[in-house]
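Below you'll find the structure, written out as structure tokens, and then a few comments.
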Amino acid sequence: MLVEERRWLTAQEFTDVFGLCNLLPGPNTLNITIVVGSRFHGWRGALVGVAGLLSLPLTVALLLAALFAHVGTMPGFAAVLRGVGAAVAGLVLATGIKMAASLGRTPRALGFLIVTVVAIALLRWPLVPILLALIPLSVLVAWIRRA
Amino acid sequence: MNPLGSLALRFAMLSLVAVGGMQSVLPEVHRVVVDVNHWMTDAQFTQAYTIAQAAPGPNMLVVTIIGWHVAGLPGALVATGALITPCCMLTFTVSRVWQRFHGAAWRQAVERGLAPVTVGLILATGWLLARGASTGWPAMVLTAVTAGLVTFTRVNPLWLFTAGAVLGVAGLI
Numbered sequence: 083m084l085v086e087e088r089r090w091l092t093a094q095e096f097t098d099v100f101g102l103c104n105l106l107p108g109p110n111t112l113n114i115t116i117v118v119g120s121r122f123h124g125w126r127g128a129l130v131g132v133a134g135l136l137s138l139p140l141t142v143a144l145l146l147a148a149l150f151a152h153v154g155t156m157p158g159f160a161a162v163l164r165g166v167g168a169a170v171a172g173l174v175l176a177t178g179i180k181m182a183a184s185l186g187r188t189p190r191a192l193g194f195l196i197v198t199v200v201a202i203a204l205l206r207w208p209l210v211p212i213l214l215a216l217i218p219l220s221v222l223v224a225w226i227r228r229a
Numbered sequence: 091m092n093p094l095g096s097l098a099l100r101f102a103m104l105s106l107v108a109v110g111g112m113q114s115v116l117p118e119v120h121r122v123v124v125d126v127n128h129w130m131t132d133a134q135f136t137q138a139y140t141i142a143q144a145a146p147g148p149n150m151l152v153v154t155i156i157g158w159h160v161a162g163l164p165g166a167l168v169a170t171g172a173l174i175t176p177c178c179m180l181t182f183t184v185s186r187v188w189q190r191f192h193g194a195a196w197r198q199a200v201e202r203g204l205a206p207v208t209v210g211l212i213l214a215t216g217w218l219l220a221r222g223a224s225t226g227w228p229a230m231v232l233t234a235v236t237a238g239l240v241t242f243t244r245v246n247p248l249w250l251f252t253a254g255a256v257l258g259v260a261g262l263i
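Listed in order, the protein sequences are those of chains D and U.
Counted the way our numbering counts, the first sequence spans residues 83 to 229.
Counted the way our numbering counts, the second sequence spans residues 91 to 263.
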């Protein structure tokens with residue numbers, strides 16, 4: 083939409099913005115909105131963009147949250163959620179597997195992947211200190227091994 | 091500390107390390123909500139995620155549902171606000187100076203360094219959701235079959251969700 087319909091960005095600019103937004107923390111759609119919004123209208127543009135992106139889904143999420151609080155314990159609804167939940171877990175695992183397959187097959191990538199999964203999923207260590215240790219290390223190794 | 095303050099503080103901190111999107115911090119949200127504070131059970135966490143997945147919009151809104159579960163409407167708003175505000179402000183700040191670093195060599199190292207950690211976090215999220223969903227072997231089989239089919243075929247996941255709903259109603263999961 084940004085590139086083809088509105089021509090707010092060239093394809094090259096979009097790739098650049100997209101790369102940046104994937105590096106920064108937070109959902110990339112939200113980050114893209116902020117970068118583009120602020121480029122055109124400063125902080126007001128960013129704020130309006132975020133409000134536009136989130137207001138409808140947030141309203142729906144609030145309604146669902148209220149609903150979940152009331153009917154989440156109802157046997158029929160809970161049964162459906164249990165079943166779908168098992169499939170959703172599989173979907174998330176598949177996303178991870180496909181992304182893992184697209185990583186370069188280097189000992190570095192595999193090593194950091196395994197350490198992350200073991201520390202976070204199996205050992206249940208707190209995320210923040212783990213990331214503060216792992217990310218600089220991983221970036222450093224990638225920097226040293228750059229071709 | 092009361093749940094609201096605790097939610098705000100924890101989620102605001104997580105916001106700044108959510109590299110690769112909110113899915114990356116879900117294992118930590120799970121740890122805080124289920125393991126440390128016992129605000130939800132393992133199964134409720136997976137249910138909340140399932141609902142967020144079904145809703146339109148970014149599935150980070152799972153934290154809205156978790157916030158509501160912990161402290162009602164204020165909890166939902168505080169949880170969502172705490173999780174998006176810091177990363178938004180960071181993006182806003184960085185985007186102003188970014189163009190100066192266009193095409194810098196270290197950018198590629200950062201991208202390549204972040205990738206395996208981000209993927210590891212998504213796999214960890216999948217693992218924890220699967221744990222919360224596993225009510226017995228039929229649930230585990232459905233999780234494994236979904237993971238396999240979605241990885242290796244182009245099947246629409248909606249079919250597998252439907253299968254899950256049917257199995258759930260039939261009392262098998």
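Just so you know, even glycine gets a beta-carbon here, dropped at the ideal spot from N, CA and C.
- Those residues of the segment 99-111 of chain U placed with their C-beta closer than 9 Å to a C-beta in chain D are M103, L104, S105, L106, V107, A108, V109, G110 and G111, ordered along the chain.
- P176 of chain U carries a helical assignment under DSSP once its states are collapsed to helix, strand and coil.
- Using a CB distance below 9 Å, the part of the segment 157-179 of chain D facing chain U consists of G158, A160, A161, V162, L163, R164, G165, V166, G167, A168, A169, V170, A171, G172, L173, V174, L175, A176, T177, G178 and I179, ordered along the chain.
- The C-beta distance from A108 of chain U to G108 of chain D rounds to 5 Å, short enough to meet the 8 Å contact threshold.
- The beta carbons of G165 of chain D and A255 of chain U sit closer together than 8 Å.
- Within 7 Å of the CB of P109 of chain D, the CB atoms of chain U belong to G111, M112, P148 and M150, in sequence order along the chain.
- For L219 of chain D, the closest of U:T233, U:N246, U:V231 and U:A205 by C-alpha to C-alpha distance is U:A205.
- Rounded to the nearest whole angstrom, the C-alpha separation of K180 of chain D and T140 of chain U is 20 Å.
- Using a 10 angstroms sphere on the CB of V207 of chain U, the tally of other CB atoms reaches 16 or more, which defines it as buried.
- Going by DSSP, D132 of chain U is part of the alpha helix (DSSP H) stretching over D132 to A144.
- The alpha-carbon separation between A168 of chain D and A253 of chain U amounts to approximately 10 Å.
- Non-local C-beta neighbours of V152 of chain U in its own chain, meaning closer than 7 Å and more than five positions away in sequence, comprise A138, Y139 and A142, ordered along the chain.
- With respect to chain U, the C-beta atom of M181 of chain D has a partner C-beta closer than 8 Å.
- When rounded, the separation of the alpha-carbon atoms in F150 of chain D and V142 of chain D is 12 Å.
- Contact annotation: L219 of chain U and V170 of chain D have beta-carbon atoms nearer than 8 Å.
- When beta bridges are read from the DSSP output, V109 of chain U appears opposite D:P107.
- Per DSSP, R121 of chain U lies in no alpha helix (DSSP H) segment and is marked neither H nor E.
- CA-CA distance, L163 of chain D to T92 of chain D, rounds to 43 Å.
- In the three-state DSSP reduction, T181 of chain U falls in the helix class (H, G or I).
- Residue-level contact by beta carbon fails for P164 of chain U and chain D, as no gap is shorter than 8 Å.
- R121 of chain U and N113 of chain D have their C-alpha atoms spaced approximately 26 Å apart.
- Contact of W227 of chain U with chain D is not assigned, every C-beta pair being separated by 8 Å or more.
- Look at W158 of chain U: its C-beta is under 8 Å from a C-beta on chain D.
- Non-local C-beta neighbours of G119 of chain D in its own chain, meaning closer than 7 Å and more than five positions away in sequence, comprise G127, A128, V130 and G131, ordered along the chain.
- Not a single C-beta of chain D is nearer than 8 Å to the C-beta of G171 of chain U.
- Chain-ordered, the chain U residues with CB closer than 8 Å to the CB of V132 of chain D read I174 and C178.
- Put simply, the CB of F96 of chain D is far from chain U, with every gap to its CB atoms at 8 Å or more.
- Following the DSSP letters along the chain, one finds W217 of chain U inside the alpha helix (DSSP H) bounded by residues A195 to A223.
- In the structure shown, the three-state DSSP call for G186 of chain D is coil.
- The C-alpha of V200 of chain U is placed about 22 Å away from the C-alpha of T115 of chain D.
- Within chain D, not a single residue places a beta-carbon under 9 Å from that of W129 of chain U; the smallest gap is close to 13 Å.
- Taken atom to atom, the span from the alpha-carbon of V153 of chain D to that of T236 of chain U is near 27 Å.
- Under the 10 Å beta carbon count, G178 of chain D is surrounded by 16 or more other beta carbons and is classified as buried.
- From the beta-carbon of R126 of chain D, no residue of chain U is found nearer than 8 Å; the closest lies around 11 Å away.
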